[in-house]
Amino acid sequence: MEWKENLSEQDYYLPPRKKYKPEGGGTISVLVLDAKGDIAGVTSTSGHHFKLIGRVGDSPIIGAGLYVDNDIGTAGATGHGAESIKVCASFLAVEKMREGMTPLQACRFVCQRVVDRHDGKPMFGLKIVALNKAGDYGCCSIRGRIDKKTGKVVGRGFSVHDAKGHRSEPGDVLLPPMTKEERDSIPRR
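Heads up: take any position in the sequence shown, counting from 1, add 221, and you land on this note's numbering.
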């Protein structure tokens, strides 16, 4: 490592890299329906930087970050994992599909339940995606984003790959993004 510490300006042969500022967190959910009609799902997360030692997020908790029922469908959650755990978000979405809701209706139901638990003003984001046995899918975010072209509030979005090809879809959204004042009011540890 000594050589790295003692580099001179002349030791860099390439121009400096542009700094990349990632948006959001690092959790992804992948939900699939294969040609035989079987459903699968996976959730991967980087978790919060500097998280508390021993903290367990929602990704490994069955029914919170991911739930699969091959007879009904699958759902995955990203965002504020503690809230996903409190309502068993992914399990709840699949159960709502079992009761007859579409994937989008189920995702909206889960997000609305979380919003209601916080008196209509959650100070965090949460997104639910769901897929049923028929191949129907849906997505809902608690907090949206402002579309740069239209200036309107839109969903956080999700990717779809099916017979029509690969594309991004906006998904549904319940609330606008947090204001600067709201973000600044969140206590930091």
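A virtual CB, placed ideally from N, CA and C, is assigned to each residue, including glycine. As the structure is a prediction and not an experimental result, all values here were calculated from the model.
Delimiting residues of the beta strand (DSSP E) encompassing residue i
i: residue 296; result: 294-300
Span of the alpha helix (DSSP H) around residue i
i: residue 316; result: 310-319
i: residue 405; result: 401-406
Residue closest to residue i, alpha-carbon to alpha-carbon, out of the options
i: residue 250; options: 398, 261, 323; result: 261
i: residue 403; options: 295, 263, 343, 383; result: 343
i: residue 282; options: 347, 259, 292, 307; result: 307
i: residue 401; options: 292, 317, 322, 345; result: 345
i: residue 284; options: 301, 300, 292, 305; result: 305
i: residue 303; options: 328, 321, 386, 280; result: 280
i: residue 333; options: 257, 395, 407; result: 395
i: residue 349; options: 386, 393, 339; result: 393
i: residue 385; options: 370, 351, 356, 320; result: 356
i: residue 444; options: 408, 391, 325; result: Residue numbering for the chain in the displayed model covers 222 to 410; residue 444 lies beyond these limits and cannot be assessed.
i: residue 252; options: 301, 351, 319; result: 351
i: residue 397; options: 368, 259, 309, 318; result: 368
i: residue 314; options: 300, 330, 301; result: 330
Beta-bridge pairing of residue i - partner residues as DSSP gives them
i: residue 264; result: 250
i: residue 339; result: The partner list for residue 339 (beta bridge, DSSP) is empty, contrary to what the question assumes.
i: residue 353; result: 294
i: residue 360; result: 350
i: residue 379; result: 390
i: residue 395; result: Residue 395 is not bridged to any residue.
i: residue 283; result: 287
Presumed contact (8 Å Cβ cut-off) between residue i and residue j, rounded CB distance
i: residue 197; j: residue 359; result: Residue 197 lies beyond the stretch modelled for the chain, which goes from 222 to 410, so this question has no answer here.
i: residue 248; j: residue 266; result: 4 Å
i: residue 287; j: residue 264; result: 4 Å
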